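Numbering (our numbering), first residue to last: 72 to 250.
Every residue gets a Cβ at the ideal spot worked out from N, C-alpha and C, and that includes glycine.
Everything numeric in this text was worked out from a predicted model, so none of it was measured.
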Amino acid sequence: MKSLIEIQAEVDKRAALVGAVDHPSLPTYGQTEDFARPHIEVDSRGYHLVIVERGQEQSRFTTRDLDELLYRVFEGLTSELAFGHELKHRVEGTDSRRAAFKRQVELLTQLSPVWAARASTMQKEVLSKRPFDDLGGVRAKLARELREAGHSPETAWQMACERYPVPEVENHAQNQRDA
72 MKSLIEIQAE VDKRAALVGA VDHPSLPTYG QTEDFARPHI EVDSRGYHLV IVERGQEQSR
132 FTTRDLDELL YRVFEGLTSE LAFGHELKHR VEGTDSRRAA FKRQVELLTQ LSPVWAARAS
192 TMQKEVLSKR PFDDLGGVRA KLARELREAG HSPETAWQMA CERYPVPEVE NHAQNQRDA
């Protein structure tokens with residue numbers, strides 16, 4: 072098993088590859104800083120990725136596989152980086168996940184093609200349940216305008232959905248082709 076110092080060196084090396092040196096979502100080592108920032112512990116049971124918020128442990132992932140631990144660290148970090156990138160380069164009328172998912176896979180590819188493939192599979196699973204919705208922002212804006220015009224929230228939403236239908240899960244195959 073690697074020590075905390077060796078793990079930190081590996082995390083730092085990989086973080087540099089994706090331009091995330093000193094990123095606040097990188098873990099701390101040995102103890103928590105709280106505020107939901109992950110930290111890594113090592114003991115006889117394995118490697119632990121722990122999240123503590125407001126003094127309460129929220130989650131603990133334990134593995135004996137260093138690659139799995141590193142994947143978990145960088146899956147979360149690259150997701151955050153990808154959505155930050157999407158926000159800076161937002162294309163109105165496009166589901167933000169289109170750009171963010173693509174960017175996350177690009178970042179993970181720099182770290183490990185296996186990790187990139189794994190994230191891509193997870194993204195496809197998400198999209199099978201929640202397909203891309205390029206009209207979500209337009210629909211929400213119309214619903215807000217209709218509420219402000221005096222319609223009830225339910226009626227406003229129904230009217231907005233009639234004009235801009237919510238994608239159905241059956242359209243998933245088409246959504247994947249359009250990605």
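Can you tell me whether DSSP reads residue i as helix, strand or coil?
i, result
"serine 130", "strand"
"leucine 137", "helix"
"glycine 117", "strand"
"histidine 156", "helix"
"glutamate 233", "helix"
"proline 109", "strand"
"glutamate 124", "strand"
"threonine 103", "coil"
"valine 89", "coil"
"lysine 173", "helix"
"aspartate 166", "coil"
"glycine 221", "coil"
"serine 74", "coil"
"arginine 161", "coil"
"leucine 148", "helix"
"glutamate 81", "helix"
"glutamate 239", "coil"
"asparagine 246", "Note on asparagine 246: pLDDT 49, under 50, position unreliable in the model; the coordinate value appears next. DSSP places asparagine 246 in helix when its eight states are reduced to three."
"leucine 213", "helix"
Please classify residue i as buried or exposed, where buried requires at least 16 neighbouring CB atoms within 10 angstroms.
i, result
"threonine 226", "exposed"
"aspartate 93", "exposed"
"arginine 85", "buried"
"phenylalanine 158", "The amino acid occupying residue 158 in the given sequence is leucine; phenylalanine does not appear at that position. Exposed."
"serine 150", "buried"
"leucine 88", "exposed"
"proline 184", "exposed"
"glutamine 102", "exposed"
"alanine 107", "exposed"
"proline 236", "exposed"
"aspartate 136", "exposed"
"aspartate 166", "buried"
"alanine 211", "exposed"
"valine 162", "exposed"
Thinking residue i and residue j are a contact (beta carbons under 8 Å), I'd like their distance in whole angstroms, please.
i, j, result
"glutamate 112", "valine 121", "6 Å"
"glycine 208", "glycine 164", "7 Å"
(Q) Three or more C-beta pairs under 8 Å: does that hold for the stretch 142-155 against the stretch 186-199? (A) Result yes; three or more Cβ-Cβ pairs closer than 8 Å.
### Message
Quick check on the DSSP output: what are the complete alpha helix (DSSP H) runs of length 4 or more inside the stretch 177-209, in order along the chain?
### Response
Fully enclosed alpha helix (DSSP H) runs of 4 or longer: 184-200.
| query | Is the stretch 161-172 touching the stretch 127-141, taking contact as three or more C-beta pairs under 8 Å? | reply | The stretch 161-172 vs the stretch 127-141: no contact.
Inset, instruction - Check whether the stretch 176-186 touches the stretch 212-224, counting contact only when three or more Cβ pairs, one atom from each stretch, lie closer than 8 Å. - result: The answer is no - the stretch 212-224 does not touch the stretch 176-186, with fewer than three Cβ pairs under 8 Å.
Spell out a yes or no on whether the stretch 233-240 and the stretch 195-209 are touching, meaning 3 or more CB-CB pairs, one atom from each, closer than 8 Å. Per the Cβ contact rule, the stretch 233-240 is in contact with the stretch 195-209 (3 or more Cβ pairs under 8 Å).
Count Cβ pairs between the stretch 72-84 and the stretch 97-109 that sit closer than 8 Å; are there 3 or more? Output reads yes: the stretch 97-109 touches the stretch 72-84.
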